[in-house]
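Down below is the structure, laid out as structure tokens.
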Amino acid sequence: MLTTQYSSWFVLLCLLVGAGYAALQYSAKAPWSKRLNYALAALRFAVVSFLCYLLLAPFIKTTTTRTEQPTLVLAVDNSQSVALFTPKAVLGQATTGLARLAETLRGKGFTVETRTLTPAPTPAAARPDSLRFGATTTDLDQLLSGTREAYDGRNLAGVVLLSDGLVNQGRSPAYSDFNFPIYSVAVGDTVPKRDLRLTGLTYNRVAFSGNKFPIEAEIGFEGYAGGAATVELREGSRVLDSRRVVLPAGRRRVRTTFQITAPAPGKRRYAVRITPQAGEFTELNNARTAFVEIVKGKLRVLLAGAAPHPDLKALRAAILANDNFDLTLALPGVTPLKANADFDVAILHQLPAQGGLGNEILAQVKARRTPAFYIIGAQSDLGTYNQLGTGLTIQPRGAQTDEVTPLPNPGFARFATDEESTRRFAQYPPASVPFGDLRLGAGAEAALWQQVGRVPTQKPLLVFGGSTDRRQATLLTDGSWQWRLQEAVEHDDKPEAYDRLIIRTLQLLTQNANKKRLDVYPTQDAFGTQDDVTLGAETYNAVFERLYNQKIDLTLTDEKKQSRRFNFANAEDGSPLHLGPLPAGLYRYQARATLGGQPQQDAGQLLVQSQPLEALESKADHNLLAQLSRRSGSRLYYPAQLDQLAQDIIKSNYKPVISSEEDLKDLINLKWIFFVILAFLTVEWAVRKYSGSV
Numbered sequence: 075m076l077t078t079q080y081s082s083w084f085v086l087l088c089l090l091v092g093a094g095y096a097a098l099q100y101s102a103k104a105p106w107s108k109r110l111n112y113a114l115a116a117l118r119f120a121v122v123s124f125l126c127y128l129l130l131a132p133f134i135k136t137t138t139t140r141t142e143q144p145t146l147v148l149a150v151d152n153s154q155s156v157a158l159f160t161p162k163a164v165l166g167q168a169t170t171g172l173a174r175l176a177e178t179l180r181g182k183g184f185t186v187e188t189r190t191l192t193p194a195p196t197p198a199a200a201r202p203d204s205l206r207f208g209a210t211t212t213d214l215d216q217l218l219s220g221t222r223e224a225y226d227g228r229n230l231a232g233v234v235l236l237s238d239g240l241v242n243q244g245r246s247p248a249y250s251d252f253n254f255p256i257y258s259v260a261v262g263d264t265v266p267k268r269d270l271r272l273t274g275l276t277y278n279r280v281a282f283s284g285n286k287f288p289i290e291a292e293i294g295f296e297g298y299a300g301g302a303a304t305v306e307l308r309e310g311s312r313v314l315d316s317r318r319v320v321l322p323a324g325r326r327r328v329r330t331t332f333q334i335t336a337p338a339p340g341k342r343r344y345a346v347r348i349t350p351q352a353g354e355f356t357e358l359n360n361a362r363t364a365f366v367e368i369v370k371g372k373l374r375v376l377l378a379g380a381a382p383h384p385d386l387k388a389l390r391a392a393i394l395a396n397d398n399f400d401l402t403l404a405l406p407g408v409t410p411l412k413a414n415a416d417f418d419v420a421i422l423h424q425l426p427a428q429g430g431l432g433n434e435i436l437a438q439v440k441a442r443r444t445p446a447f448y449i450i451g452a453q454s455d456l457g458t459y460n461q462l463g464t465g466l467t468i469q470p471r472g473a474q475t476d477e478v479t480p481l482p483n484p485g486f487a488r489f490a491t492d493e494e495s496t497r498r499f500a501q502y503p504p505a506s507v508p509f510g511d512l513r514l515g516a517g518a519e520a521a522l523w524q525q526v527g528r529v530p531t532q533k534p535l536l537v538f539g540g541s542t543d544r545r546q547a548t549l550l551t552d553g554s555w556q557w558r559l560q561e562a563v564e565h566d567d568k569p570e571a572y573d574r575l576i577i578r579t580l581q582l583l584t585q586n587a588n589k590k591r592l593d594v595y596p597t598q599d600a601f602g603t604q605d606d607v608t609l610g611a612e613t614y615n616a617v618f619e620r621l622y623n624q625k626i627d628l629t630l631t632d633e634k635k636q637s638r639r640f641n642f643a644n645a646e647d648g649s650p651l652h653l654g655p656l657p658a659g660l661y662r663y664q665a666r667a668t669l670g671g672q673p674q675q676d677a678g679q680l681l682v683q684s685q686p687l688e689a690l691e692s693k694a695d696h697n698l699l700a701q702l703s704r705r706s707g708s709r710l711y712y713p714a715q716l717d718q719l720a721q722d723i724i725k726s727n728y729k730p731v732i733s734s735e736e737d738l739k740d741l742i743n744l745k746w747i748f749f750v751i752l753a754f755l756t757v758e759w760a761v762r763k764y765s766g767s768v
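Okay, so the sequence shown: first residue is 75 according to the working numbering, each after it adds one.
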């Protein structure tokens, strides 16, 4: 539709101007015929009238109408437990029934798409009867929440959820709200299988050489109550301990504990295994592995502050939650630091402080060349701090502050931040940091960036720097106590992300000073069999300045002495070497590179742990599925009822959504109009010239 913002009476004025201009131009006697004169006058009338009309700023208004058919999503739990514990005939009936359901609904105008725990590149094209049930974990909440986000704003009629109801990853979907009907289709078996299983191992990942440490095994059992099971503890092919465990009637689980004397320092692999018995449904869940790092002794930590502060309590709690640390607390004027105190790393809260408070503590730390973790706050003396060579310079702008939350730097490879920790960081309350110029020195790296509100920045929040023989770190806020408190409230008094951040910072500071010119290291303490195993690498020249893009050859050897070779380069962005998922085991690697014409090498170990989560529970949880359906206004179905489900969905009479969109386009912006006007004027001029006009 063509319209303007002015009154339509102005169109008549445009026509009058065009008629007047044409009359003025062609009213005199012309050397051509009267018919041609009228034609030229009409041409001039049209051009002038249209040009005047363009002055009214006309625009074209178009309305586009779209019809979106209702969409039904087939959310399939393609985990291993579904295939393992569902009878093949029932599972085949379910998958073929879903395919038939999809065809029936498409014939009724529905759009049907398939989503799984392991998303396919093209979910619309995935066929339910061609899916493979191989997912190693089950996170139904993520499957349903991801569907909600992916179809937000679309005409989502509902979700058909095929599952056994067993969840072993993420939170239960029963605690989430979904704004669409969930038609649950129950598979699996609610009758427990006759089985012995090792449901868990509890142990400290680090033990001290010469000390005894426990490994506690939890044994689950169905159908063997009143009997006994043999449980073995092995290291390699050696049986270290074996015991007969009674399986009491009336219970489903029992625990037993092995005591081990820690051998020489190094990484050790211990396997706990239940001897299979006659009639067991599966032996996949009979064994689990414990990886323990044996170290020489506990790490001694000095926690010193300028004054009492909630941060000190949070840091103390995080450190004492780990049995591998001894803690000494020092406060000037309250708890002085003894002159002969011995420590491996120092946490200096708001030290150096204004007025020289705590200088005697700083002097001891500096004299011992102890690795230090500085925490900046309102009492910090930033001028003195800038002279410590931490790799960070702070130039504040008055007393201004920013309110920030931590954002992991993906280019920092010294320790990896898992997805759960990143999610928890995003939920932390904002903490104050100095506002000003923050500059990283040579060799310094930011492990955390500052996020201001929802805006990510590349201003550092947690920095690692210092010389190679004295590592130092800096956290630019004294409000991190709020983070630990918030996380404890939200996660049942388990502030794991905060505690892990503090412990990894101390561990990184106390690693042996890097005198190696080639340093290759795992980015995590241990990997799961479903994880992408990654190795970081650092290279240095003769004066220990960082080098990048150096060619590195790496040989990875498993416990069967089978080797694989990799070639890679350490990129400037810190991206690690990706080895992909590996079978469970203890791997050794050897890396070689030529730096400055000199051959260099490094060696180490990495751990991959088996986590047979899908085999730990055989009894399907159909109550969870029924609850999800009931809360969304639907009900639970079984594979034999899929035809009935199709009819129920059709009877719900889901309607297409009709939407319209208006588009306004200024007529003067259409380029072809210029060429039409030019053509009219050119024709008029050419005719006049050809007919003898001057």
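Even glycine gets a Cβ: it sits at the ideal position worked out from N, Cα and C. From a predicted model like this one, the values you see are computed outputs, not experimental measurements.
Are the Cβ atoms of residue i and residue j separated by less than 9 Å?
i, j, result
"A521", "L536", "yes"
"A336", "K286", "yes"
"R342", "A361", "no"
"P144", "S706", "no"
"L321", "V313", "no"
"Y502", "E570", "no"
"Q679", "L702", "no"
"R545", "Q585", "yes"
"P470", "P508", "yes"
"T349", "A303", "yes"
"T548", "F642", "no"
"S123", "L89", "yes"
"V121", "I751", "yes"
"L86", "K135", "no"
"D385", "I449", "yes"
"D269", "V156", "no"
"F30", "Y728", "Absent from the structure is residue 30, since the part of the chain shown begins at 75 and ends at 768."
Using the Cα positions of residue i and residue j, report the straight-line distance between them to the nearest angstrom.
i, j, result
"L214", "L236", "10 Å"
"Y225", "A231", "10 Å"
"N229", "E142", "7 Å"
"V91", "K182", "59 Å"
"G670", "L656", "34 Å"
"V234", "G284", "57 Å"
"V731", "R513", "54 Å"
"T402", "D416", "9 Å"
"L376", "F601", "31 Å"
"L129", "L744", "14 Å"
"I468", "W523", "15 Å"
"Q154", "L687", "9 Å"
"L575", "D722", "51 Å"
"W83", "S107", "35 Å"
"L175", "S506", "56 Å"
"A587", "Q604", "With a pLDDT of 47 at A587, under the threshold of 50, the predicted position of this residue should be treated as unreliable, though the coordinate-derived value follows. Cα-Cα distance, rounded: 33 Å."
Just tell me which of the options has its CA closest to the CA of residue i.
i, options, result
"G300", "V261, E306, E290 and R318", "R318"
"L146", "Q167, G166 and V186", "V186"
"D400", "I421, P410 and A380", "I421"
"A473", "L456, F489, F486 and N483", "L456"
"D695", "A452, T264 and P350", "T264"
"N253", "S765, R704, Q721 and P713", "R704"
"A115", "A281, G463 and E758", "E758"
"V369", "H565, R279 and A352", "R279"
"P504", "T475, K568, D492 and G515", "T475"
"L26", "Y572, T212 and C126", "Residue 26 falls outside the range modelled here, since the chain spans only 75 to 768, and no answer is possible."
"N460", "D543, G539, G171 and D567", "G539"
"V164", "A714, K729 and L719", "A714"
"S81", "A131, K103 and L307", "A131"
Counting only the same chain and skipping the five closest in sequence on each side, list residues whose C-beta sits under 6 Å from that of residue i.
i, result
"T608", "T597, P650 and H652"
"T169", "P202 and D203"
"G432", "A380, P406 and L425"
"A198", "Below a pLDDT of 50, predicted positions are generally treated as unreliable, and A198, at 46, falls in that range; the measurement from the model is reported next regardless. Closer than 6 Å at Cβ, skipping near neighbours: E187."
Short of 8 Å in beta carbon distance, which residues of its chain neighbour residue i, apart from the five on each side in sequence? Order them along the chain.
i, result
"L436", "L422, L425 and P426"
Please go through the same chain and pick out, in chain order, the residues whose beta-carbon is closer than 7 Å to the beta-carbon of residue i, but skip the five residues on each side of it.
i, result
"R638", "L630"
"A645", "Y622 and N623"
Just to check my reading of the structure: residue i and residue j have Cβ atoms closer than 8 Å, yes? What is that Cβ distance to the nearest angstrom?
i, j, result
"E290", "Y277", "7 Å"
"L690", "R271", "6 Å"
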